[in-house]
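Report on the following structure.
2 protein chains.
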Amino acid sequence: MTLSALADPTRRAILARLTTGEASVSELAEPFDMSLVAVSKHLKVLEKAGLISKGREAQWRPCRLETKPLMQVDDWLESYRQFWNENLDRLEAYAAALQRGGADDRNK
Amino acid sequence: MTLSALADPTRRAILARLTTGEASVSELAEPFDMSLVAVSKHLKVLEKAGLISKGREAQWRPCRLETKPLMQVDDWLESYRQFWNENLDRLEAYAAALQRGGADDRNK
DNA sequence: AAGTTAATTAACTTATTAGTTTAATATATC
DNA sequence: GATATATTAAACTAATAAGTTAATTAACTT
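Chains A and B, in that order, give the protein sequences. Quick note on UniProt numbering: the first sequence kicks off at 1 and runs consecutively. Quick note on UniProt numbering: the second sequence kicks off at 1 and runs consecutively.
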């Protein structure tokens with residue numbers, strides 16, 4: 001669910017905004033060229049995904065960023081980091097071999 | 001586009017499979033309880049997002065994982081890593097303060 | 001050249017998503 | 001208590017997504 005919540009650019013912009021601190025629904029909506037209702041729905045999606053939480057202060061619902069799901073994405077990436085590091089290692093080894101005197105297919 | 005491609009569990013499973021090496025479309029489709037055509041479409045989505053590339057060997061289209069978009073996701077996460085580390089720092093500082101003799105609000 | 005295997009394209013269905021406008025619910029203020 | 005502000009809920013529309021089956025393309029095997 002986290003990834004599909006993150007798939008929308010408006011929602012990602014909202015999250016980015018929240019790294020600078022809490023904000024109310026209408027504050028969060030302000031930069032966007034869409035209705036407040038639409039933004040409110042985006043916030044609901046983010047909340048269901050656990051990416052934000054809402055407090056209550058009078059008639060405002062201050063939203064704040066929750067990091068747990070993002071940390072899980074970070075964890076999920078781990079196996080792929082291993083994958084691309086292996087690839088980079090292979091590439092470096094190949095480049096080094098070339099440097100040492102072009103010991104590639106063309107010399108066989 | 002990367003994140004919405006990653007939002008689907010079937011597609012994530014396909015990527016995970018591809019960390020173990022190249023595979024043809026039908027090999028990739030085999031574990032799933034859906035038509036080959038459906039998997040072929042998922043592969044098209046992954047390909048458009050740059051997450052895989054397809055070669056051609058006779059009638060097979062060997063797919064392999066491409067890491068660039070995943071590395072970009074990793075980069076995108078960076079600002080959030082900073083955010084949650086700051087939060088952890090604050091938490092640790094608070095815990096340390098408590099340890100040093102409960103210098104919290106209740107003592108003012 | 002007939003048949004088999006691998007994959008894609010086309011046409012369609014159903015469900016979900018992102019947005020809209022209008023109405024409702026709280027809370028605060030005059 | 002009336003009114004203004006902040007937010008959510010309801011009802012609807014249009015676009016996109018995920019799946020299906022049937023047909024097509026391409027390459028290999030007899």
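Just so it is clear, CB atoms sit at the ideal spot from N, CA and C, and this is done for glycine as well.
Between the C-alpha atoms of A97(A) and L88(A), what's the straight-line distance to the nearest angstrom?
Using only the alpha carbons, I get a separation of about 14 Å.
What does S4(A) reach in chain B if we use C-beta pairs closer than 7 Å?
By Cβ distance, chain B contributes A7.
Can you tell which of A38(A), A29(A), A93(A), I52(A) has the C-alpha that lies nearest to the C-alpha of T67(A)?
Out of A38(A), A29(A), A93(A), I52(A), I52(A) has the C-alpha closest to the C-alpha of T67(A).
Would the segment 33-44 of chain A count as touching the segment 35-48 of chain B if we require 3 or more Cβ pairs under 8 Å?
No contact exists between the segment 33-44 of chain A and the segment 35-48 of chain B.
State buried or exposed for A93(B), treating a residue as buried only when at least 16 other CB atoms are found within 10 Å of its CB.
Exposed: under 16 other Cβ atoms inside 10 Å.
Shorter than 8 Å from the beta carbon of D33(A) to some beta carbon of chain B?
By this cut-off, D33(A) is not an interface position.
Pull the bridge partners of K41(A) from the DSSP assignment, please.
None; K41(A) has no bridge partner.
Looking only at its own chain, which residues have a Cβ that is under 7 Å from the Cβ of A49(A), when we skip the five neighbours before and after it?
So the list reads M1, T2, A5, P69, once near-sequence residues are dropped.
Using the beta-carbon of each residue, which ones in chain A are nearer than 9 Å to L91(B)?
Those do not exist, as L91(B) stays about 11 Å from chain A at its closest Cβ, beyond 9 Å.
So L70(A) contacts chain B; which residues on that side make the cut at Cβ distance below 9 Å?
Near L70(A) (Cβ distances below 9 Å), the residues of chain B are L77, Y80, R81, F83, W84.
By Cβ distance below 8 Å, which residues in the same chain neighbour R106(B) in space, the five residues on each side in sequence not counted?
For R106(B), the predicted model reports a pLDDT of 44, less than 50, meaning its position is unreliable; a value from the coordinates is still stated below. Taken in chain order, the list of residues that qualify is empty.
Using 10 angstroms around the beta-carbon of R90(B), count the other beta-carbons present and answer buried if the total reaches 16, otherwise exposed.
Looking at its Cβ environment, which holds fewer than 16 other Cβ atoms inside 10 Å, R90(B) is exposed.
Check distances from the C-beta atoms of the segment 18-31 of chain A to those of chain B and list, in chain order, the residues that come in under 7 Å.
Those residues of the segment 18-31 of chain A that come within reach of chain B (Cβ to Cβ, closer than 7 Å) are T19.
Taking the continuous beta strand (DSSP E) assigned at S53(B), which residues delimit it?
Element bounds for S53(B): 52-54.
Closer than 7 Å by beta-carbon distance: list the chain B residues that pair up with T10(A), in chain order.
Near T10(A) there are no residues of chain B at all, since even the closest Cβ is about 13 Å away, more than 7 Å.
Label R100(A) either buried or exposed according to how many other C-beta atoms from any shown protein chain fall within 10 Å of its C-beta, with 16 as the threshold for buried.
Per the 10 Å Cβ criterion, exposed.
What span of residues does the alpha helix (DSSP H) with R81(A) cover, start to end?
It spans 68-99 - the alpha helix (DSSP H) in which R81(A) sits, taken as one unbroken run.
Give the DSSP-derived three-state secondary structure of T19(B) in the structure shown.
In the structure shown, T19(B) sits in coil (DSSP, three-state: anything other than H, G, I, E or B).
In whole angstroms, what is the alpha-carbon distance linking D74(B) and D74(A)?
Cα to Cα, D74(B) sits roughly 7 Å from D74(A).
Can you say whether A29(B) is buried or exposed, counting buried as having 16 or more other CB atoms within 10 angstroms of its CB?
When all chains shown are included, A29(B) counts as buried.
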